[in-house]
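Asker: Handing you this structure, nothing more for now.
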Amino acid sequence: MSVNEVQQNKEVEQNWEPKILVFACTWCTYAGADLTGLSRLQYPPNIRILKVPCSGRVNPQFVIKAFQKGVDGVLVAGCHPGDCHYTSGNYFTRRRFLLMRRLMEYIGMEPQRFQNRWISAAEAPKFQQVITEMTEEIRTLGPNRKLRDDQW
Amino acid sequence: MKYAYFPGCSLSSTGIEYDLSTRETARVLGIDLWEIPEWNCCGASSGHLTDHLLSLALPARNMAIAEEAGLDVAIPCAACYARSKNTELAVCNSAEMRQEIEEVIERKYEGKAKARALLDIIANDIQAEVIKEKVHKELKGIKAACYYGCLLVRPLAVGFDDPEDPQSMDNLVKSLGGETVDWAYKTECCGASCPTTVPETGKKMLERIFESAKNAGANCLVTACPMCLNNLDMRQGQVEKTYSKKYDMPVFYFTELTGLAFGVEPTKLGLNKHFVDAMGLVNEVLKADGRRETA
Amino acid sequence: MGNISLTGIRESNKEKLQEVIKESGGVKAEDCYQCGKCSAGCPVVFGMDNTPRQIMRFLQLSMVDEALKSNTIWMCAGCQTCSVRCPKEVDIARVMESLRILAREKGYITEKSINLFHELFLKSVEATGRVYEMGLILGANIIGMKPLKDAEFGLPMITRGKLALMPHKIKDNGEVKKIFENARKRGAKV
Amino acid sequence: MKRVGVFICHCGTNIGGVVDCPKVAEIAKDYPGVVYSVDNKYMCSEPGQELIKKAIKEQNLDRVVVASCSPRMHEPTFRRCVENAGMNAYFMEMANIREHCSWVHASEKDKATEKACDLVKMAVAKAIMNKPLQKATIPVTDRALVIGGGIAGIQAALDLANAGHVVDIVEKEPSIGGKMAQIDKTFPTLDCSACILTPKMVDASSHPNINLITYSEVEKVEGFVGNFDVTIRKKARSVDMSVCTGCGVCMSKCPSKVDSEFEMLLSKRKAIYTPFPQAIPNKPVIDRDNCTYFKTGKCGICQKVCTLGAIDYTQEDEFVVTRYGAIVISTGFEQFDHSVYGEYGYGKYPDVITGMHFERLINASGPTMGKIKRPSDGKVPKNVVFIKCVGSRDVAKGKSYCSKTCCMYTAKHATLVTEKIEDSNVYIFYMDVRTGGKGYEEFYNRTREKYDAQYIRGRVSKVFKQGDKLIVRGEDTLLSQAVEIEADMVVLATAMVPQADASKLAQKIGIGYDKDHFFTEAHPKLAPVETHTQGVYLAGACQGPKDIPESVAQASAAAAKACGLLSKSEMLTEPIISVVNESICVGCGLCVPICPYKAIDLKTISERDHGKTIERLVADVNGGLCQGCGACTVACRSGALDLKHFTDQQILAEVNALCL
Amino acid sequence: MVDLTLEIRKTAKELLEKGEAKVVLGWEKGNFPYSTTPVFIDKPEDTERLIWDEYCINNLALYMLDYKHLDGKVGIFVKGCDSRGINRLVQDKQLDREKVILIGLSCPGMKDEKKAKELGPNADIPMAQKCQDCRYPDPVVYDVFLGEKQNKKVPEKIDTSDVEEMETKSPDEKYRFFTTNYEKCLRCYACRNVCPACNCKECIFDQTATGWLAKANNVSNNMFFALTRAMHVGGRCIECGECERVCSVNIPIMLLNKKIIKDINFLFGDYDAGLETEERLPLGGYDYTDPEEFM
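Residue numbers (our numbering), protein chains in the order written: chain B, 251 to 402; chain C, -5 to 289; chain D, 338 to 527; chain P, 75 to 734; chain G, 17 to 311.
Rendered as structure tokens:
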């Protein structure tokens, strides 16, 4: 780590908060997040949910893009296999992201920063748990510099 | 056609006639049998009841020797076949298991040499036409209850024929000019070591097999397993005494019948070594018409 | 008939059950739905104190000792009929095999003669590389205190050339001895 | 530059109690494109909505962002609201600052406010990229197709026809009626099956709105909801239906005898035949595979005896294409083939029969005139063993599922044996007795108590022949004792499985099917008769094992759904669908197998390229079939496929906004 | 290396003279002894330009796209890698198999042109990396075959030892490795332009409107390019190694491609792209039994 980097890290450590982007499918995970709210289950305010019709809509390129733009973590979440509103979208998600996760880890991205989970519309406690754990993991890792486009 | 030959312990003692008739049959069919030098006991039927790893390792040494010679292994004894096949499958299915076995036997065995039951080779690999061509004396008068027992058909991964109603031996006997009966105890267990260890239980198991074969109209039993034959042949008298029945049912190895049909001298096949007299039925067959000119 | 207390039976038998699962290569007793097809098809069931289905039931309830002490696991001839016919693809024969191995380890040998047979068998293999059937039969009966049990077969066997008076041996049995040694190093109890 | 209005809702204190709404509204004013930003106590209330409408007009807004509760709650409300103000509904975006923010970060007010700002910022960025979308209307053809003319198909057709819609029933057999026509009595009332089925068959055939297309199969299905173009293959009957009166002389004179499928091969029919006497239409067909004339060119007796000249050997299969608005699939079930059970004799013992054989044996018009006789020697059996769950609940040789009807029909069979055969004994091997249904448990109890059927809990391990008896070996698991019965006849309660060609039909129509090839409903609880393909509905056992009352109920439900669709001449379609940019699309076709709705095809287009006309392939999305999941867009490397309202640009705009 | 140059010229000439092909695609000698370039021949007399030597390293498959709309057939010489490239294009519906005549050549492995340039004319030139890794030196599909097949024994599975080594490194080490390499990337797109799997009509990296990739040439954007391209060719890469060969700044591009191939083999079953044209692509489908890691 260069001196410069150390300095930078010190600066951000003061008021840095992890910023996590969550891609959530409308039918399961988004609804699960709604239920988490209805049940008043509390979790860290570090995530931003982006609604997509199906986890199958999430292009791996979105994930890289998000890291470029400066998020500290990305979660792609959808219906459990077999529960997809569109029958099979999440099976494609599974294939694509099994590869993508490995590729990201391979180029040096910490696996905690890019995660995939199945969270159903009924699994409010799971949503709460996943978000809480992921936030904490990323907080431990610190701000993400990898893949980041510094002009942002 | 060349195979590594694994006779197994029984074939050098209680199952001597199986060894004799196997070699004779193979000779006629032009199957080259290369006896695995210094082969060891496969562990059946005690190894797998004592330790899983040992039960896989004992046959592995024989298989490894055959693999070095680049040959598949022909195994007459059903129990030896089952144990060896188990080893082959364990090695093929798991790299870890393969490594463990190789370390125990201190030899290389990759599962390339396949364990083959002799019955499978003769009844299924060789075409019925080829068998029929070699028949010198049709088995007229033989009404066989083909008895497969357990180990040739179960479990499914090991067996090479249907577990409930196998046909390979029946087809072979028919090719030899004999008749076979349809009966329900083809694959019921003979008791394995039970007749030795818990005789009352074992005898009952045998009695049901004799009853079923008799009721189906058979005049002999045919097997591919020295343990089955020992139980059925050696203990037939005991069973008859215990249940006050009379069966008089000779028990043959399928190779004995094959050899007989191929025109080999009965004594060369060990047919005179049975407890239940087999020579009576054999002589009837030999006396009957049906000698073919082409021998 | 007293009550069997099922309270806490799972917790107190957890480790024992794990041993069974491990020994059997992961056979799951809970897959069994107690239809009894195994027991109905079992050729030895009449000689057993519990049907094979009951053994599976013991395991489902974590009653491992009851399973280990049953003579069922010793009577099993290993014919595999149960496993082949099981509609839930439970390898019952493998469970019997595993229970027997564990019962030996723990000293629950309800059928001494059966166990003796197998012990002598393997001893013979280790000593000579092959099984010496004459010795095995005589040994089993002598040590089993039934010296004359199968004596009627001895002489006819010998006259038929079916029992050698001397054991067959392989010339150098070092390799087979090594196999036993190596297996023991890995925990084999033979 | 777009003019965005932002409306922050307090939701009383639900949001306002945690998130500093006025501050969010204030900060939002600085977001690119925002020209107006305001907070309000209740945005969804009448005054709240008025506020939005007024702002749109006064501030000349062309995009609206509402930050409030979940869009799953009020998106339709606010879409309607902006539409009323003359704006396209899809120009409205929502930010969920209640369920996703105030309610889950109650104790972290500052951070919740910060998050609310981010969520609004993302919504603004997306709204700016939004395009006006229109719900399209598509015409609906007022005609329904029912595939399969069993009881479910007949019921669905009658309901649809009575509601005034024209219905075609396609049936592959020469007659409608299906499996119910083969059944003797129905549980739990024991009323005769034919007595309740045949009137319905007649109703269907005489209904002015129903056309029966028997001896025919669906060949191809194209199009989409409201407009399915279905090709039907009418197999050559070799009998001119318009001339034949069904007098039956041809059948009585025909010299070739064939095992009757309807009678479960227990008796013979002719090569020219109707499956059963009450067949509808009651006009025969020639079974060409077994007809002497078709096999050898000689015979021709039927043609000679038909005074009307109805026999036509030259007929050929005919293909008809018809447009339908809705399709009801009711192809029913088949019996599991028990010959995989070696332990039960591989189907080679004639006296080991299935439940359906038994139905024919006991039927007064069946091969034995209703006398229960053994197929092997015609003797009346004294000891009858029933084995349940043959093929059902058996992952090793059969199916994992419970076939649901067997417990009841076996109980029915048991009572019938006891009633018809004096001094008979009935043994039933079962694993569980499942009698959920009105009057079912009571019926089962009568079977045991009054009819003295012996229920033995255990699965049979082996059935084998001994003399003229069948030895049945099982364990009485309640006794823990192996038991044996010397039976005269064994009846197997075989599983219900879908038609052998069910998966092929599903592929033709484009609906899903499960691992056992039962058709998949759109949702197991809330859409049990719909499929994932709009306009295609399911009825009866093709969707899963069912008895008659359930099949009939589901048929009526499917009919009601189809009526709802057909009652309007036009329907609206969701505009959120995939689109292809043909200029970029390279036509690789990778998107085609990914679409679960078969909505993407490749088509050939012509264009000018370097001064000459060339043809090339491009992807083509069928808007009627596409449901807007977007899975295809990811498969498209060049981004030629995009999903409206969730375009790459829109999502990237949100991602960018988050990090600005 | 067998000199097939004369045969190649003869075959090409015949194809053109008989009118069976309108154009023939092969290699001609370049300006240096160690260089060749792809060449399109449309006149019989020009076939003299064709050669076959140890530097015919270019994968010719992608050049077929230039003749997508030609009326008439194209003849093309194919080594193993070219033939897999042709299959790639056919499976991607970019080439009508009926419109090409594939003339198969068995490839002995080509020499490394860069090394040749460095080491000078008299040195012993090593085989190019892509050829060292090659598992299909014989064409997997062809219409005519010249010379003899070598049926060389090749590894069953792709060698991914370099990938595995990379995997063992720490996240920061890995990131440093890839970023130091991709820092050099000029985004000249030579890798894309030569890749048979990169056959899009308009590459997303050339589309500025959507905003996928900013023009600025920095590590972040370069990594986006690298990862996205790796995913786009995922399950479709035919391992021809051309991308890496043509990279002017020597980025180990195959290290990414091989990583994905390795993971596909592990996760979804062994798959070699470009061996045939009908099978489902790994990312064009799914199995219910795919590994579950997202619970």
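We put the CB at the ideal spot given by N, CA and C, even for glycine.
Note that the structure is predicted; figures quoted are calculated from it, not measured.
1) In chain order, which alpha helix (DSSP H) runs of at least 4 residues are fully inside the region 451 to 517 of chain P?
2) To the nearest whole angstrom, what separates the beta carbons of P/Tyr398 and P/Val304, a pair I think is in contact under 8 Å?
3) Going by the CB atoms, is the gap between B/Ile357 and G/Leu202 shorter than 8 Å?
4) Suppose you measure from the CA of G/Lys173 to the CA of B/Leu288; what does that come to, to the nearest Å?
5) Drop a sphere of 10 angstroms on the beta-carbon of P/Lys635, count the other beta-carbons inside from all chains shown, and report buried for 16 or more, exposed for fewer.
6) Hey, how far is the Cα of P/Val138 from the Cα of P/Val156?
7) So is P/Arg172 in contact with chain D if we call contact Cβ pairs under 8 Å?
8) Give the single residue among G/Thr21, G/Ile119, G/Tyr50 whose Cα lies nearest to the Cα of G/Ile141.
9) When Cβ atoms are compared, which residues of the region 677 to 707 of chain P fall closer than 7 Å to chain B?
10) When DSSP labels each residue in this structure, what does G/Arg208 get in the three-state scheme?
11) Grab me the residues of P/Leu125's own chain with a C-beta within less than 8 Å of its C-beta, minus the 5 sequence neighbours each way, in chain order.
12) Are the C-beta atoms of D/Val381 and some chain P residue less than 8 Å apart?
13) Answer yes if the region 372 to 382 of chain B comes into contact with the region 459 to 470 of chain D, meaning at least three C-beta pairs across the two stretches below 8 Å, and no otherwise.
14) Determine, using beta carbons only, whether P/Val692 and P/Ser652 come nearer to each other than 8 Å.
15) By the three-class DSSP mapping on this structure, what secondary structure does C/Phe256 have?
16) Any idea what DSSP makes of P/Val603, helix, strand or coil?
17) Rounded to whole angstroms, how far is the Cβ of D/Ala404 from the Cβ of D/Leu436, which I believe are closer than 8 Å?
18) Quick one: give me the first and last residue of the alpha helix (DSSP H) that G/Gln110 is part of.
19) With burial defined as no fewer than 16 other Cβ atoms inside 10 Å of the residue's Cβ, what is the status of P/Ile679: buried or exposed?
20) For the beta strand (DSSP E) holding B/Val326, just list the boundary residues, first then last.
21) Applying the criterion that 16 or more other CB atoms from any shown protein chain within 10 Å of the CB defines a buried residue, is B/Asp284 buried or exposed?
22) Closer than 8 Å, CB to CB, is D/Val513 near chain C or not?
23) With a cut-off of 8 Å, does the C-beta of P/Ala567 fall near any C-beta of chain E?
24) Please compile the residues from chain P whose C-beta is within a distance smaller than 8 Å of the C-beta of D/Glu426.
25) Count the other CB atoms within 10 Å of the CB of P/His684; is the residue buried (16 or more) or exposed (fewer)?
26) How far does the beta strand (DSSP E) with P/Met166 in it reach, from first residue to last?
27) Can you give the Cα-Cα distance for C/Ala111 and P/Tyr347, rounded to whole angstroms?
28) Comparing alpha-carbon positions, which option in P/Val240, P/Cys269, P/Asp258 lies nearest P/Pro282?
29) Does any CB atom of chain P fall closer than 8 Å to the CB of D/Thr388?
30) Against chain P, does D/Ala377 count as a neighbour if the rule is that its beta carbon must be under 8 Å from one of theirs?
31) Distance check for G/Cys207 and G/Ala230, CA to CA, integer angstroms please.
32) Under the criterion of a Cβ to heavy atom distance below 7 Å, does B/Val313 qualify as lining the ligand FMN?
33) Between the region 49 to 65 of chain G and the region 232 to 252 of chain G, do at least 3 Cβ pairs fall closer than 8 Å?
34) Got a sec: which bits of the region 333 to 349 of chain B sit with their beta carbon under 8 Å from any beta carbon on chain G, in order along the chain?
35) Taking Cβ to Cβ, would you say C/Cys140 is nearer than 8 Å to C/Val216?
36) Can you tell which of D/Thr418, D/Ile392, D/Gly466, D/Gly363 has the C-alpha that lies nearest to the C-alpha of D/Gln371?
Answerer: So, from the listed chains and residues:
1) 480 to 494
2) 6 Å
3) no
4) 52 Å
5) buried
6) 8 Å
7) no
8) G/Tyr50
9) Gln701, Gly702, Cys703, Gly704, Ala705, Thr707
10) helix
11) Phe81, Val112, Asn114, Met117
12) no
13) no
14) no
15) coil
16) coil
17) 6 Å
18) Here G/Gln110 belongs to no alpha helix (DSSP H), and DSSP marks it neither H nor E.
19) exposed
20) 323 to 328
21) buried
22) yes
23) As a matter of chain content, chain E is missing from the structure shown, whose protein chains are B, C, D, P and G.
24) Val469, Ala470
25) exposed
26) 166 to 170
27) 52 Å
28) P/Val240
29) yes
30) yes
31) 19 Å
32) The ligand FMN is not part of this structure, which contains no ligands at all.
33) no
34) Ser338, Tyr341, Phe342, Arg344, Arg345, Arg346, Phe347, Leu348, Leu349
35) yes
36) D/Ile392
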